[in-house]
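Colleague: Sharing a structure, written as structure tokens. Questions coming.
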Amino acid sequence: DSFANRTNRKQRRGGLNGRARGVLWVKILVTGATGHLGSLVVEKLLESVAPGNIAVSVRDPARAERLRRRGVDVRRGDFDHPETLAEAFAGAERMLLISTTGDNETRIRQHRAAVAAAKGVDEVDMVINVGLARDGEFAAVEADIRAVREAAPAPVVLKVIIESAALTDEQIVAVCEGAERAGADFVKTSTGFHPTGGATEHAVQLMRATVGDRLGVKASGGIRTREAAEAMVAAGASRLGLSSSRAILEG
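All the letters of the sequence shown, read from the start, carry residue numbers 489 to 739 under the numbering used here.
The structure is reproduced here in structure tokens:
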């Protein structure tokens with residue numbers, strides 16, 4: 489199931505728009521929302537999620553003014569200033585962490601600070617630095633994942649989004665192996681917004697063969713029909729991120 493669909497179900501039950509001690513409780517928080525990938529993610533969420541149930545953490549809120557005007561909860565959160573993050577992440581139940589750039593030490597420090605500040609989050613979806621994976625820097629990718637896992641230990645569910653369509657088979661295997669060693673709970677095919685595409689049966693089969701039954705495999709990105717959903721499950725997916733859940737369930 490997708491972020492958007494889980495959010496809408498809870499919204500219909502009346503569980504999202506309340507305030508507690510002055511904090512707006514939201515379902516989804518997206519970091520890096522003014523970057524290329526983050527912007528695409530937020531735009532997609534806005535197609536099916538009420539704006540008030542989306543929060544974005546950005547370094548410069550002025551750059552997200554267009555989102556604020558649409559009702560999105562825009563918050564200032566700067567990974568280089570951890571004191572800003574607790575307030576930026578307050579009330580979120582799920583976080584989509586867009587991997588930052590920079591050298592290994594800086595990136596790991598930023599990721600650890602971000603996740604440590606996300607108190608109350610029950611799931612973290614982490615997008616790997618795809619450029620590192622494509623360059624064969626698998627130790628750096630694994631270190632990023634481990635930093636997030638250490639900052640968000642179980643029972644928080646950690647899903648690692650690998651953007652499988654952008655990787656070769658060998659790179660998919662290496663990243664999945666690293667995710668398992670680093671303590672991830674799921675490996676996930678894609679955000680659905682990468683220009684190379686989303687989930688494929690081949691990628692799901694390869695990911696499942698790599699992690700066995702030790703991790704979950706989530707297929708996400710471009711799954712729009714019942715046939716495609718069933719094919720992903722047959723290939724080894726244990727969870728799906730669907731573009732159109734109602735249409736798929738209705739056949």
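Quick reminder that beta carbons are idealized off the backbone N, C-alpha and C, glycines included.
So, V663 versus V612, is the Cβ gap smaller than 8 angstroms?
Modeller: The residue labelled residue 663 in the question sits at position 175 within the sequence shown. The residue labelled residue 612 in the question sits at position 124 within the sequence shown. Not in contact: V663 and V612 (Cβ atoms no closer than 8 angstroms).
Colleague: Taking the beta carbon of H690 as the centre, do at least 16 other beta carbons fall within 10 Å, making it buried, or is it exposed?
Modeller: By 1-based counting over the sequence shown, the position of residue 690 is 202. Its Cβ having fewer than 16 others within 10 Å, H690 is exposed.
Colleague: Between T588 and the rest of its own chain, which residues show a CB-CB distance below 6 angstroms, the 5 nearest in sequence each way excluded?
Modeller: Position 100 of the sequence shown holds residue 588. Around T588: R595, Q598.
Colleague: Indicate whether L655 and A627 have their beta-carbon atoms separated by less than 8 angstroms.
Modeller: Locating residue 655 in the sequence shown gives position 167, where the first residue counts as 1. Locating residue 627 in the sequence shown gives position 139, where the first residue counts as 1. Contact: no.
Colleague: Measure the alpha-carbon distance for R727 versus I650 and round it to whole angstroms.
Modeller: Position 239 of the sequence shown, counted from the first residue, corresponds to residue 727. Position 162 of the sequence shown, counted from the first residue, corresponds to residue 650. So the two alpha carbons sit approximately 15 angstroms from each other.
Colleague: Specify whether the stretch 526-535 and the stretch 668-683 touch according to this definition: at least 3 beta carbon pairs, one from each stretch, less than 8 angstroms apart.
Modeller: Segments in contact, yes.
Colleague: What is the residue span of the beta strand (DSSP E) that G704 lies within?
Modeller: The residue labelled residue 704 in the question sits at position 216 within the sequence shown. Looking at the DSSP string, the run of the beta strand (DSSP E) that includes G704 is 704-708.
Colleague: What did DSSP end up calling L620 once you bin it into helix, strand or coil?
Modeller: Here residue 620 refers to the residue found at position 132 when the sequence shown is read from its first residue. DSSP places L620 in helix when its eight states are reduced to three.
Colleague: Do you know how far the Cα of E581 is from the Cα of V609?
Modeller: On the sequence shown, residue 609 is found 121 positions in, with the first residue counted as 1. On the sequence shown, residue 581 is found 93 positions in, with the first residue counted as 1. Taking the straight line from one Cα to the other gives about 4 angstroms.
Colleague: Pop quiz: L646 and V661 are said to be a contact at Cβ under 8 angstroms. What is the actual Cβ separation, rounded to whole angstroms?
Modeller: Your numbering for residue 646 matches position 158 in the sequence shown. Your numbering for residue 661 matches position 173 in the sequence shown. Their Cβ separation, rounded to whole angstroms, is 19 angstroms, which puts L646 and V661 out of contact at 8 angstroms.
Colleague: Under the three-state reduction of DSSP, which class applies to I660: helix, strand or coil?
Modeller: By one-based count along the sequence shown, residue 660 stands at place 172. Note: I660 maps to helix in three-state DSSP.
Colleague: Apart from the five residues on each side of it in sequence, which residues of its chain come closer than 6 angstroms, Cβ to Cβ, to A707?
Modeller: Locating residue 707 in the sequence shown gives position 219, where the first residue counts as 1. T677, A687, V692, M720, A725, L728.
Colleague: Return the first residue and the last residue of the alpha helix (DSSP H) that L635 is part of.
Modeller: Within the sequence shown, residue 635 is the residue found at index 147, counting from 1. Going by the sequence as given, residue 635 is Ala instead of Leu. First-last of the alpha helix (DSSP H) with A635: 626-639.
Colleague: Using only the alpha-carbon positions, how far apart do H524 and I586 sit?
Modeller: Taking the first residue of the sequence shown as position 1, residue 524 is located at position 36. Taking the first residue of the sequence shown as position 1, residue 586 is located at position 98. Between H524 and I586, the C-alpha separation is close to 10 angstroms.
Colleague: Please report the straight-line C-alpha distance between G579 and A538, rounded to a whole angstrom.
Modeller: On the sequence shown, position 91 is the one that residue 579 refers to. On the sequence shown, position 50 is the one that residue 538 refers to. Rounded to the nearest angstrom, the two C-alpha atoms are 16 angstroms apart.
Colleague: Going by the beta-carbon positions, is the gap between L694 and D673 smaller than 8 angstroms?
Modeller: Numbered from its first residue, the sequence shown carries residue 694 at position 206. Numbered from its first residue, the sequence shown carries residue 673 at position 185. In this structure, D673 does not lie closer than 8 angstroms to L694 by Cβ.
Colleague: Buried or exposed for D561, going by 16 or more other Cβ atoms inside 10 Å?
Modeller: Numbered from its first residue, the sequence shown carries residue 561 at position 73. Buried, since its Cβ has 16 or more Cβ neighbours within 10 Å.
Colleague: How long is the line joining the alpha carbons of E553 and F577, rounded to whole angstroms?
Modeller: Counted from its first residue, the sequence shown places residue 553 at position 65. Counted from its first residue, the sequence shown places residue 577 at position 89. Rounded to the nearest angstrom, the two C-alpha atoms are 18 angstroms apart.
Colleague: When you compare each of V705, R564, E718 to D548 by their alpha carbons, which one comes out closest?
Modeller: One-based indexing of the sequence shown puts residue 548 at position 60. If we check each option's Cα against that of D548, R564 comes out closest.
Colleague: Could you give the DSSP three-state label for A691: helix, strand or coil?
Modeller: Taking the first residue of the sequence shown as position 1, residue 691 is located at position 203. Looking at A691 - three-state DSSP - the assignment turns out to be helix.
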